[in-house]
Structure formats: C-alpha cells, structure tokens
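Single-structure report; data block below.
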Ligand code: FAD
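In the UniProt record's numbering, the protein residues as written are 3 to 293.
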C-alpha cells in the first residue's frame, strides 16, 4: 500500500475524490457504477468519511478495504474522536493496518444529531490534535487534517483556528484538506496566513460543485461557508430548471478549479457526494497543462 506522502514526492499536484459509505442497497449499486466512472480519471487517492457519531464505522472500514484491496486505489480512511477511547482507537488502527490502510484523515468529528456541543468520550480526546499525536505514537501513517479557510464555526477567530491547525500539523499532520469554499480569495488568504504561522504542509482545496443550489446552500450554512452574492444571483433564474442549474454549477466549478490551479493550488480534493457526473464533467475539462 502507498502512503500519500510518497505520492507528494513525485507529484506537485494531486487529484483525489471523497466518498461516504452508501446507506442502502440501491445507493450501493449506484455508488459502484459511479466509482467505475471515476476510475477513468485515475485519481491519486480516494477517501471515505467516517459517519457522524461513529455510527457506521464498519461501513467505512469495509469500504476502504474494498477500494484499496479490490479496486487497487490508494485509500485514506477518515476517523474521528467520537465515541473513541484510547483502547478503541488502538484496536481500530490495528484493524486498518491489517487491511493495509496507511492513510488517515484524523478529525474531531461533529456531535451526533440533536446535540450541539462536542462531548469528549471518557478515556478519549477533545481535539483532533490529540488524536493525531496518539495515532503517531502507534504507527507510521500519512495523516490528513481539516483546515477551514472561513474558520471552523466553533473557533473564536480565524487566527485561533489557524493556531489550532498548526497544532495539528505539529502533532504529525502531513497535509491539509480544506472545507468547501466558493470564494477563491478566501483560500489564497488562508494559505498566506498559514505560511506566515509556519505551516508548511500542502493545503489541498476541497471542491464541492454546486449542482443543486438549495442543497449546497444548506450545507454551506451548516459548516460556515459563504456563497458569494454573485453566485447566489447567478443561480436565481434557474431555481426550477435542473438542467440549467447543473450546467451553471459545472461552469462555475470548472472556473473555480482552473483559477485555483493557475494560482498554485497543489491539486484538488472533490467532495463527490458519491456521484460521478459533476466530478467527471469538471475534471475532464481542466486543461492537461494544469494537471
Ligand atoms: P479540531 O481541529 O479538533 O477543532 C475543533 C474546534 O476546536 C475548532 O473550532 C478549533 O479551533 C477548536 N480547538 C482546537 N484545539 C483547541 C484548543 N486547544 N483550545 C481551544 N479550542 C481548540 N466529520 C465526520 O464526522 N466524519 C468525517 O469523515 C469528516 N470528514 C471531514 C473532512 C474534511 C476535509 C473536513 C474539512 C471536515 C470533515 N468532518 C468530518 C467534519 C469535522 O469533523 C468537523 O468540522 C468538526 O467539527 C471539527 O473537526 P476538526 O478535526 O477540524 O476539529
């Protein structure tokens, strides 16, 4: 199995896709078809999220095993502090080792549905930085961490949040994947501020194309991402026209990706939502010279 850090040594830019474990039979079949489409794009790596509350942990572990060992993709497992004691983390990571997973996206996690604040599990951790230190004491991993160009919603300020990001990198985080954003300037400013604070790790932009405006608006509000007014306005005429809305979403997503790459972003991480069409449509239209 390949560590993502090794891929970085060979490539200035990486293109990666994020999935979540499908929830039922139909979703599983559709997911298989979509992964088939995405394979044609030869991603450098893929990642699988870890369900809120650690609810479908087995599904995450089964899926990373399958993608890595049956499909042959370099795979990263997300993992969180939710419901995790040190003992549990140790045995979970031992299991992932057994199936050859060396790439971990380590997070604090969000409180389970219906609860507003994160509560540390007994014998567990309060922050991703602590989980990262602990994982690093257990083995050799390539570790991804989350970064928030528009600040994590609970952080007192962007500055304090970047200090936290530095703690995560210092604890052993090897690279950063950002929360979704729609104003590239926010990403550029964030990267500058991270560099000023001495964070040297790659900061890979997380991309979520707007193919369904109301859905993405809802997600954005949840995670504290602002959709610029000009984008809101651009979608306004197409509220009831799915096809046009999709076309505009692809156009704006492509434009965002091209500008990021032209301005030195070290690749792109696509939040696929387990679909393939938008990622394929955007990725295939990015000029080769930028990849
Ligand atoms: P942390 O880095 O621990 O930060 C949490 C908050 O605490 C921040 O506000 C931070 O500023 C603050 N903080 C940290 N340390 C301190 C300190 N010492 N003192 C005071 N404040 C502090 N969630 C899932 O459940 N499953 C997933 O698979 C998943 N994947 C994700 C992938 C990406 C790329 C991103 C961006 C997010 C993902 N999330 C996932 C969501 C994530 O779990 C939430 O955003 C969560 O609320 C914060 O996680 P974190 O790892 O960034 O937390």
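We treat Cβ as the ideally placed atom computed from N, Cα and C, and that holds for glycine.
Please read these numbers as outputs of a predicted model, since none were measured by experiment.
Range covered by the beta strand (DSSP E) that runs through residue i
i, result
"residue 146", "144-149"
"residue 129", "Premise fails: residue 129 is in no beta strand (DSSP E) and is neither H nor E."
"residue 273", "269-273"
"residue 19", "16-21"
Extent of the continuous alpha helix (DSSP H) run through residue i
i, result
"residue 205", "Unbroken run through residue 205 is the beta strand (DSSP E), 204-209; no alpha helix (DSSP H)."
"residue 166", "160-172"
"residue 218", "215-225"
"residue 181", "Premise fails: residue 181 lies in the beta strand (DSSP E), 177-182, not in any alpha helix (DSSP H)."
"residue 287", "279-287"
"residue 3", "First-last for residue 3: undefined, no H or E at that position."
"residue 296", "The structure shown does not extend to residue 296, since the chain is modelled only from 3 through 293, so no value can be given for it."
"residue 187", "186-198"
"residue 157", "From DSSP, residue 157 is part of no alpha helix (DSSP H); its letter is neither H nor E."
"residue 70", "First-last for residue 70: undefined, no H or E at that position."
"residue 235", "231-237"
Environment of residue i [buried if 16+ CB atoms lie within 10 Å]
i, result
"residue 3", "exposed"
"residue 179", "buried"
"residue 18", "buried"
"residue 152", "buried"
"residue 60", "exposed"
"residue 128", "exposed"
"residue 166", "buried"
"residue 211", "buried"
"residue 97", "exposed"
"residue 141", "exposed"
"residue 231", "exposed"
"residue 181", "buried"
"residue 35", "exposed"
Three-way DSSP call (helix, strand, coil) for residue i in this model
i, result
"residue 263", "helix"
"residue 62", "helix"
"residue 26", "coil"
"residue 79", "strand"
"residue 2", "Limits of the chain in this structure are 3 at one end and 293 at the other, which puts residue 2 out of reach."
"residue 43", "coil"
"residue 341", "Outside the shown range of the chain, which is 3 to 293, sits residue 341, and nothing can be said about it."
"residue 121", "coil"
Inter-residue Cα distance where the pair is residue i and residue j
i, j, result
"residue 186", "residue 9", "25 Å"
"residue 272", "residue 209", "5 Å"
"residue 120", "residue 147", "18 Å"
"residue 199", "residue 168", "8 Å"
"residue 68", "residue 265", "35 Å"
"residue 240", "residue 183", "21 Å"
"residue 26", "residue 275", "15 Å"
"residue 189", "residue 270", "12 Å"
"residue 243", "residue 30", "28 Å"
"residue 64", "residue 291", "36 Å"
"residue 20", "residue 58", "16 Å"
"residue 288", "residue 259", "8 Å"
"residue 38", "residue 82", "28 Å"
"residue 285", "residue 48", "15 Å"
"residue 66", "residue 22", "10 Å"
"residue 227", "residue 220", "10 Å"
"residue 16", "residue 205", "11 Å"
Review point. Does the segment 277-285 come close enough to the segment 242-253 to have 3 or more Cβ pairs within less than 8 Å?
Key: Judged by Cβ distances under 8 Å, the segment 277-285 makes contact with the segment 242-253, as three or more pairs qualify.
Exercise for review: Give a yes or no on contact between the segment 116-134 and the segment 163-175, applying the rule of three or more CB pairs nearer than 8 Å.
Suggested key: By the C-beta criterion, the segment 116-134 is judged to be in contact with the segment 163-175, since at least 3 inter-stretch pairs fall below 8 Å.
Check your understanding: Should the segment 99-117 be called in touch with the segment 35-44, which here means at least 3 C-beta pairs below 8 Å?
Key -> No, the segment 99-117 is not in contact with the segment 35-44.
**Study point:** Any 3 or more C-beta pairs closer than 8 Å across the segment 229-239 and the segment 154-163
**Key:** They do not touch, by the three-pair rule.
Review point. Quick one: any contact between the segment 62-75 and the segment 107-127, if contact means 3 or more CB pairs under 8 Å?
Key: Using a C-beta cut-off of 8 Å, the segment 62-75 makes no contact with the segment 107-127, since fewer than three inter-stretch Cβ pairs fall below that distance.
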